[in-house]
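**Student:** According to our numbering, the sequence shown is numbered sequentially starting from 1239.
We put the beta carbon where it would ideally sit given N, CA and C, even for glycine.
This is the structure, below, for whatever I ask next.
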Amino acid sequence: MKRNATAVWNGTIKEGNGHLTTQSSVLNQTQYSFNSRFAEGLGTNPEELLAAAHAGCFTMKLSLDLTQAGYTPERLETKSIITLDNGKITQSELLLDAEVDGISAEEFEKIAREAEKTCPVSAAFSFKIILNINLKK
């Protein structure tokens, strides 16, 4: 399987701007700029897209692993916070809220930590990954 996205940039780094388009067209000439990356400008940025990819991948992998272990997740919600520090991405912090009936906290944590290590996006990252778990009973 291969997926693709295209970035177009016009102008200088601070005054210029660009847009991103994904193969699925979910992003279709979606704006990005210096201000959307380093300030509060309108549009997306690479770190936000990495956060979405990590949260989505981990949550799907956790659902798969829970299902294979015999549990049905009622609700899994993951927020990824990507840290950009001095021009380098240094970590992704995953904040997980979950509702899964019939599972102990210990079993859930074991499955969640394994999913964090084995989701394809986690495996692609070379920076620190932190997983914080909140299992609701």
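Quick check on this structure: which residue in Leu1332, Leu1280 and Asp1303 has the alpha carbon closest to the alpha carbon of Ile1319?
**Tutor:** Closest option to Ile1319, Cα to Cα, is Leu1332.
**Student:** Can you give me the C-alpha to C-alpha distance between Asn1242 and Gln1261, rounded to a whole angstrom?
**Tutor:** Taking the straight line from one Cα to the other gives about 5 Å.
**Student:** Does DSSP put Ala1350 in a helix, in a strand, or in coil?
**Tutor:** Three-state result, Ala1350: helix.
**Student:** Using only the alpha-carbon positions, how far apart do His1257 and Leu1288 sit?
**Tutor:** When rounded, the distance between both Cα atoms is 16 Å.
**Student:** Quick check: the Cα distance between Thr1316 and Lys1355, rounded to an integer number of angstroms?
**Tutor:** Each residue's alpha carbon lies about 15 Å from the other.
**Student:** Once the 5 residues before and after Leu1373 are set aside, which same chain residues still bring their CB inside 6 Å of it?
**Tutor:** Correct list, in chain order: Ala1336, Ala1343 and Phe1346.
**Student:** For my contact list, Phe1296 and Val1359 are in at a C-beta cut-off of 8 Å; report their separation, rounded to the angstrom.
**Tutor:** Confirmed, Cβ separation roughly 7 Å.
**Student:** Taking the C-alpha atoms as reference points, what is the distance between Ser1271 and Lys1240?
**Tutor:** Spanning the two alpha carbons is a distance of roughly 27 Å.
**Student:** Leaving out the 5 sequence neighbours to the left and right, which residues in its chain are closer than 6 Å to Cys1357 when beta-carbon positions are compared?
**Tutor:** Closer than 6 Å at the Cβ level, and outside the excluded window around Cys1357, lie Cys1295, Phe1296 and Lys1299.
**Student:** Between Ala1291, Ala1362, Asn1266 and Leu1369, which has its C-alpha nearest Lys1348's C-alpha?
**Tutor:** Nearest C-alpha to Lys1348: Leu1369.
**Student:** Let me make sure I understand the geometry here. Which of Ala1307, Ile1327, Thr1310 and Arg1313 has the alpha-carbon closest to that of Glu1285?
**Tutor:** Among Ala1307, Ile1327, Thr1310 and Arg1313, the Cα nearest to that of Glu1285 belongs to Ile1327.
**Student:** Thinking C-beta only, is Asn1248 closer than 8 Å to Asn1255?
**Tutor:** Yes. Within cutoff.
**Student:** Here's the rule I'm using: 16 or more other beta-carbon atoms within 10 Å means buried, otherwise exposed. How should Ile1341 be labelled?
**Tutor:** So Ile1341 ends up on the buried side.
**Student:** Is there a Cβ of chain B sitting closer than 8 Å to that of Ala1353, yes or no?
**Tutor:** Judged by its chain identifiers, the structure shown contains no chain B, having just a single protein chain.
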